[in-house]
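Everything on this sheet refers to the single structure shown next.
Protein chains: 4
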Amino acid sequence: MLESLKQEVYEANMQLPELDLVSFTWGNVSGIDREKGLFVIKPSGVPYADLHVEDMVVVDLDGNVVEGDLNPSSDTPTHAYLYKKFEKIGGIVHTHSPWAVSFASANMDIPAFNTTHADTFYTDIPAARALTEEEINSAYELNTGKVIVEEFERRGLDYEATPGTLVSQHGPFTWGATPEKAVYNAKVLEVVAEVDYHALQLTKQNLDLPKYLLDKHYYRKHGANAYYGQKK
Amino acid sequence: MLESLKQEVYEANMQLPELDLVSFTWGNVSGIDREKGLFVIKPSGVPYADLHVEDMVVVDLDGNVVEGDLNPSSDTPTHAYLYKKFEKIGGIVHTHSPWAVSFASANMDIPAFNTTHADTFYTDIPAARALTEEEINSAYELNTGKVIVEEFERRGLDYEATPGTLVSQHGPFTWGATPEKAVYNAKVLEVVAEVDYHALQLTKQNLDLPKYLLDKHYYRKHGANAYYGQKK
Amino acid sequence: MLESLKQEVYEANMQLPELDLVSFTWGNVSGIDREKGLFVIKPSGVPYADLHVEDMVVVDLDGNVVEGDLNPSSDTPTHAYLYKKFEKIGGIVHTHSPWAVSFASANMDIPAFNTTHADTFYTDIPAARALTEEEINSAYELNTGKVIVEEFERRGLDYEATPGTLVSQHGPFTWGATPEKAVYNAKVLEVVAEVDYHALQLTKQNLDLPKYLLDKHYYRKHGANAYYGQKK
Amino acid sequence: MLESLKQEVYEANMQLPELDLVSFTWGNVSGIDREKGLFVIKPSGVPYADLHVEDMVVVDLDGNVVEGDLNPSSDTPTHAYLYKKFEKIGGIVHTHSPWAVSFASANMDIPAFNTTHADTFYTDIPAARALTEEEINSAYELNTGKVIVEEFERRGLDYEATPGTLVSQHGPFTWGATPEKAVYNAKVLEVVAEVDYHALQLTKQNLDLPKYLLDKHYYRKHGANAYYGQKK
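Chains as they are written, first to last, in the UniProt record's numbering: chain G, 1 to 232; chain X, 1 to 232; chain S, 1 to 232; chain H, 1 to 232.
Here's what the structure looks like:
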């Protein structure tokens, strides 16, 4: 069932330690089959060194296990909610990568300061608000997804042009057209968090990029007029 | 004698360089057999590259060598005292990991700022006070253990829910149900020290986690209602 | 065509990930054949792991592709302009290395604080100004080259003695007599950015090197009286 | 000639890249045969990947080459002067390791803040003053040695108990009873610079260790009453 998607999700998961985005089991990648309305996700708490393709768990959009012997990631309800609301995404990544968690701990957006950022994220990367006590004590992981979507709606953000977020006090979630692209976006988010941290210590001046530079770099790589890379 | 515990302690020691927690010989792991009242510990000053299972030293709870050709870690009296006072722990780790030593040098707690922390440590990680001149000049390593236990008592901390500490001017000690879990906790402590350092530079706002988030994340992974990971 | 230059440019490109100067495809190296007026450059958006010598693209000094099946780096017009204006250079490197991008994000020069810097860069490494909206919206990559050359002219800098620059909001460009030397200079720039960042946090005192130390170290390694290294 | 010393010096040099203390050719190790009054040193500007035992250069205490086809390190006169003045040392290391260079750029001592420091360095690690214009323009490398020795004399430091220094605007020199121990001290210096940097950012309080803790840790590892490690 969904064998090629399982392979894809497995490989995307294995990229997380290669890209220095996870310690131990602190991360997970999922990928969705939109036609079937099912997604594949890493099992909960399994170390990357012990992970196999056949361990991947198939769940439906309410987070019910459809196939698999292992429990799915405890973050499964967050993934499910994001897939429901962000209808064009094909993959989701959650990590506890340290630079991203530093900004999440400080409840601060990762601001758009440079072209590395603008190549992938068209806006600041938002820090969604911390969850309330009530949200934490009832359906915590589902509410994590709701808080993310609420933040995007409140700010009027396009989830395709801003393919990731922080959740305050917690860490980053990124997404993309495929699981592999969601992993790529997780690495970009970590790198720009690192760079921004240092830029913020170097100067107290306003470093926000002007919109015309965001436009230039974002659309150099995305959309009909993109000219970076090779023709497909 | 205690062959399987020696193997376990040896493997836990070898994880320290793999997890980037030690340079040279600056760390040690021990593990205890509670029934026999004996524990196994790394020999003093032996580089990890030269370490073998059969080099592990067996000592009693007064720190006397029971078996082994090599001197045990010079920190053996600290381990022995912690085993006596923290009766449910099965393994102890000491390192000089750099982020932890930065906080220890500054005599500062590692505050609970994020879920990475709350997943493993239910409270701030305390910095036990620096030892006095008298404590240093008499039974230094034993007194290091006493200062740790005193700090936990003074703050009313549960050593199972806060499985580690800093000793001011020195570095971290962590523990756990097994040597392997104590190593895991040593890595978590190092990672949250790194993240907290950066969060503290990013903002002067109070970033302490509310108790309900500490409860949620700590008990998501620990105790009867834990639902992270796989059923054993 | 230009087979040995292609090999040289390929090898210089492959040094970028080895020296931790690139993630993904965020970098490119070119090398020029001055007699033929053609240069060889990395293709756009090809991951380093998938790169082969035969993928290198040959272009002329107006950036037209002369040979090659793939699109050249999107930064090709920047390289072409620098080759036209900096007539003695043989290779150019562009990366998004993180310490350099931190200074570029802060629009700050990398100051000459130590002999590591003076051994390779005879002056501060300038941060060329950010491009204007008009410059970005018309011939962006060409204008990036123009802004670099303008900065060197405005400051009266010798491009051989200062073999690199930052472009504000973007990142570093370095050059040298050969592609390999340009890569060397890219690594030096990254290392001195890292060191300078920390020096700037340690003290608010003026740390600028005196000219006599810049003279000593720069000319210890360069020019007729150089005495570092081996006779060729 | 001096074949076993050459092997020892070669191996100590090769430890520098393994311990992440050098990029490119930015470091050198030497070792002395006190009876013969000759020392062995790395050749100038040879990359570590290309270095062989037989490339090591033998020089006398005036820095004259006694054996070897290659030029010795350009820092040879510094080594020679230190061997003359610090009569009990057997090996010297110079690197441009980045944390040490950060403190050297800031012309700041590396203060004794923790037991990692006290285990190896009995005092703050001094930053010797920057050289004057005259000292730089005449016998620069010899004068670098003179400034180091002057700083130790001015402060009344024991070069055996403080086995290293920074030279302001430049970087670290360390030494020890053997080339291998000098390399060990170079790594300790780099690690404590990293830790101290972060401690200094965490708090403005005075973090200097009391003398009784320096005594305890330094003499736990050194001298007649040392009890760390194994009996020889």
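C-beta: ideal position from N, C-alpha, C; glycine also.
Would you kindly check if the distance between the Cβ of Ser97 of chain S and the Cβ of Leu207 of chain G is under 8 angstroms?
no
Out of curiosity, what's the CA-to-CA distance linking Gly223 of chain X and Asp119 of chain X?
12 angstroms
Span separating the alpha-carbon of Met108 of chain H from that of Ala199 of chain H:
14 angstroms
Where Val195 of chain X and Ser23 of chain G are concerned, what is the direct C-alpha to C-alpha distance, given to the nearest angstrom?
13 angstroms
If the criterion is Cβ atoms closer than 8 angstroms, does the pair Pro72 of chain H and Ile41 of chain H meet it?
yes
Going by beta carbon distance, what residues of the same chain come within less than 7 angstroms of Val66 of chain G, once the five residues before and after it are set aside?
Leu38, Val58, Val59 and Asp60
Going by beta-carbon coordinates alone, are Ser102 of chain G and Leu157 of chain X separated by less than 8 angstroms?
no
Backbone CA spacing between Thr132 of chain X and Val191 of chain X [nearest angstrom]
29 angstroms
Could you check where the beta strand (DSSP E) with Asn28 of chain S kicks off and where it finishes?
Gly27 to Asp33
Residue 252 of chain S and Tyr212 of chain G look like a contact to me (Cβ under 8 angstroms); what is the Cβ gap, rounded to whole Å?
For residue 252 of chain S there is no data in the structure shown, the boundaries of chain S being 1 and 232.
Using 8 angstroms as the cut-off, can you tell me whether the segment 161-181 of chain H makes contact with the segment 2-13 of chain H, which would need three or more C-beta pairs spanning the two stretches below that distance?
yes
Kindly identify the DSSP beta-bridge partner or partners of Gly164 of chain G.
G:Thr174
Where does Ile136 of chain X sit, in a helix, a strand or coil, going by DSSP?
helix
Pull up the CB-CB distance for Pro47 of chain G and Thr76 of chain G, whole angstroms please, since I reckon it's below 8 angstroms.
About 18 angstroms; that fails the 8 angstroms criterion.
Can you list, in chain order, the residues of the segment 131-146 of chain G whose Cβ is nearer than 7 angstroms to any Cβ on chain X?
Glu133, Ile136, Asn137 and Tyr140
Taking 8 angstroms as the cut-off, decide whether the C-beta atoms of Thr165 of chain S and Pro126 of chain S are in contact.
yes
Sub-8 angstroms separation of Tyr219 of chain X and Asn225 of chain X beta-carbons:
yes
As assigned by DSSP and simplified to three states, the class of Leu51 of chain X
coil
Close Cβ partners of Asp55 of chain S (< 7 angstroms) along its chain, the five nearest in sequence each way excluded
Pro43, Val46 and Leu70
Taking the alpha carbon of Lys88 of chain H as the reference point, which residue from H:Asp62, H:Pro163 and H:Val188 has its own alpha carbon closest?
H:Pro163
Use the C-beta contact count for Gln205 of chain H: other C-beta atoms within 10 angstroms, 16 or more gives buried, fewer gives exposed.
exposed
7 angstroms CB neighbourhood of Pro17 of chain X in its chain, flanking five on each side removed
Tyr48
Any beta-carbon of chain S closer than 8 angstroms to the one on Trp26 of chain H?
yes
What residues match up with Gly91 of chain S in a beta bridge as DSSP calls it?
S:Gly31 and S:Gly176
is_contact[residue 274 of chain S, chain H] using C-beta, thresh 8 angstroms
Chain S is shown only over 1 to 232; residue 274 of chain S falls outside these bounds and no answer can be derived.
Kindly indicate if chain G contains any beta-carbon less than 8 angstroms away from that of Tyr159 of chain S.
no
By the 9 angstroms beta-carbon criterion, what residues does the segment 42-68 of chain H contribute toward chain S?
Pro43, Ser44, Gly45 and Val46
With 16 as the cutoff for other CB atoms within 10 Å, does Ala186 of chain S come out buried or exposed?
buried
Any beta carbon from chain S within less than 8 angstroms of His79 of chain H's own beta carbon?
no
Assign Lys216 of chain H to one of two classes, buried (16 or more other C-beta atoms within 10 Å of its C-beta) or exposed (fewer than that).
buried
Could you tell me which residues DSSP puts in a beta bridge with Val59 of chain H?
H:Phe39 and H:Val65
Going by DSSP, what residues sit across from Ala127 of chain H in a beta bridge?
H:Leu166
Any chain S beta carbon closer than 8 angstroms to Val101 of chain H:
yes
Tell me which residues of the segment 160-172 of chain G have at least one Cβ-Cβ distance to chain X shorter than 8 angstroms, keeping chain order.
Gln169, His170 and Gly171
DSSP puts Ile110 of chain H in a beta bridge; with which residues?
H:Ile125
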